[in-house]
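Enquirer:
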Amino acid sequence: MIIKGKAHVYGDNIDTDRIIPGKYTKTLDMQQLANHVLEDIDPDFHKIVQPGDILVAGENFGCGSSREQAPLALKSAGISLVVAHSFARIFFRNAINIGLPLIELRKYDIKSADTLEINIKTGVVNNINNGESYQGAQMPDVMVKILNENGLVKYLKNHKSYS
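Quick note, the sequence shown lines up with residues 29 to 191 if you use the numbering used here.
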């Protein structure tokens with residue numbers, strides 16, 4: 029699975045409350061979540077993000093609560109993948125479960141608006157703008173399969189012999 033998109037770069041320790049403020053988590057309207065994603069960091073994010081864009085962050089992305097609305101808000105806004113130095117473990121698992129790919133990448137030279145091409149299976153991140161390639165963490169095969177089926181629920185429905 030190859031994902032290509034425009035980067036939006038942010039910093040370290042972006043917690044789930046900054047991804048989607050708690051006051052918006054009581055809705056099941058995905059567009060409402062998308063309209064408020066990252067608004068405390070970048071009030072115009074929902075206006076500039078385009079379907080297929082890639083979010084790039086630093087250390088400890090998704091820390092804080094275990095709320096599933098954080099990756100849902102990102103995905104609903106059009107984010108196709110998140111690259112970060114590291115992820116909070118529960119955010120990582122929630123993202124995979126809802127079909128939002130993630131790549132852990134320790135070092136990179138990526139700026140906002142750079143075009144990235146990312147191979148989910150191999151973890152290779154190519155920055156089209158500067159010609160650099162980076163080796164991120166490889167995703168386990170079962171997680172790639174879950175992502176290919178757009179989340180854990182669809183994966184389990186299609187693989188009745190799970191155990």
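Glycine residues also receive a C-beta, built at the ideal position from the N, C-alpha and C atoms.
Just so you know, these numbers come straight off a predicted model, no measurement behind them.
Please return the same chain residues whose Cβ sits closer than 7 Å to the Cβ of residue 65, not counting the five positions on each side in sequence.
Expert: Position 37 of the sequence shown, counting from 1, holds the residue named residue 65. Closer than 7 Å at the Cβ level, and outside the excluded window around residue 65, lie 47, 48, 73, 74, 101, 102 and 105.
Enquirer: Hey, would you say residue 44 sits closer than 8 Å to residue 121, going by beta carbons?
Expert: Position 16 of the sequence shown holds residue 44. Position 93 of the sequence shown holds residue 121. No. Outside cutoff.
Enquirer: Rounded to the nearest angstrom, what separates residue 63 and residue 170 at their Cα positions?
Expert: Looking up residue 63 in the sequence shown gives position 35. Looking up residue 170 in the sequence shown gives position 142. Between residue 63 and residue 170, the C-alpha separation is close to 32 Å.
Enquirer: Going by DSSP, name the residue or residues bridged to residue 205.
Expert: The structure shown does not extend to residue 205, since the chain spans only 29 to 191, so no value can be given for it.
Enquirer: Compare the C-alpha of residue 168 against each of 159, 154, 130 and 93 and name the closest.
Expert: Taking the first residue of the sequence shown as 1, we reach residue 168 at position 140. Residue 130 is the option with its Cα nearest to residue 168.
Enquirer: Let me know the secondary structure DSSP gives residue 47 once reduced to three states.
Expert: Here residue 47 refers to the residue found at position 19 when the sequence shown is read from its first residue. The answer is helix: DSSP assigns residue 47 an H, G or I state.
Enquirer: Give the DSSP-derived three-state secondary structure of residue 76 in the structure shown.
Expert: On the sequence shown, position 48 is the one that residue 76 refers to. Here residue 76 sits in helix by DSSP.
Enquirer: Going straight from the alpha carbon of residue 98 to that of residue 184, what length do you get?
Expert: As a first step, residue 98 must be located in the sequence shown, where it is residue number 70. As a first step, residue 184 must be located in the sequence shown, where it is residue number 156. Cα to Cα, residue 98 sits roughly 22 Å from residue 184.
Enquirer: Across which residues does DSSP place residue 97 in a beta bridge pair?
Expert: Translated into the one-based positions of the sequence shown, residue 97 becomes position 69. Answer is none; residue 97 lacks a bridge partner.
Enquirer: Between which two residues does the alpha helix (DSSP H) carrying residue 63 extend?
Expert: Numbered from 1 along the sequence shown, position 35 holds the residue referred to as residue 63. Its alpha helix (DSSP H) spans residues 58 to 64.
Enquirer: Starting from residue 180 and walking both ways along the alpha helix (DSSP H), at which residues does that stretch end?
Expert: Within the sequence shown, numbered from 1, the residue matching residue 180 stands at position 152. Note, residue 180: alpha helix (DSSP H), 180 to 186.
Enquirer: Look up residue 102 in the DSSP assignment and say whether it is helix, strand or coil.
Expert: As a working note, residue 102 is residue 74 in the sequence shown. It is helical.
Enquirer: Cα-Cα, which of 188, 113 and 31 is closest to residue 90?
Expert: Locating residue 90 in the sequence shown gives position 62, where the first residue counts as 1. Minimum Cα distance to residue 90 is reached at 113.
Enquirer: With burial defined as no fewer than 16 other Cβ atoms inside 10 Å of the residue's Cβ, what is the status of residue 181: buried or exposed?
Expert: For the purposes of this step, residue 181 is taken as the residue at position 153 of the sequence shown. Exposed, because fewer than 16 other Cβ atoms sit within 10 Å of the Cβ of residue 181.
Enquirer: Where in the segment 99 to 170 do unbroken runs of the beta strand (DSSP E), each at least 3 residues long, occur, reported from the N-terminal end onward?
Expert: Entirely contained in the segment 99 to 170, the beta strand (DSSP E) runs reaching 3 residues are, in chain order, 109 to 112, 130 to 132, 143 to 147, 152 to 155 and 161 to 163.
Enquirer: My understanding is that residue 81 touches residue 108, with C-beta atoms under 8 Å, so please give their C-beta distance in whole angstroms.
Expert: Residue 81 sits at position 53 when you count from the first residue of the sequence shown. Residue 108 sits at position 80 when you count from the first residue of the sequence shown. Contact flag correct, Cβ pair sits at about 7 Å.
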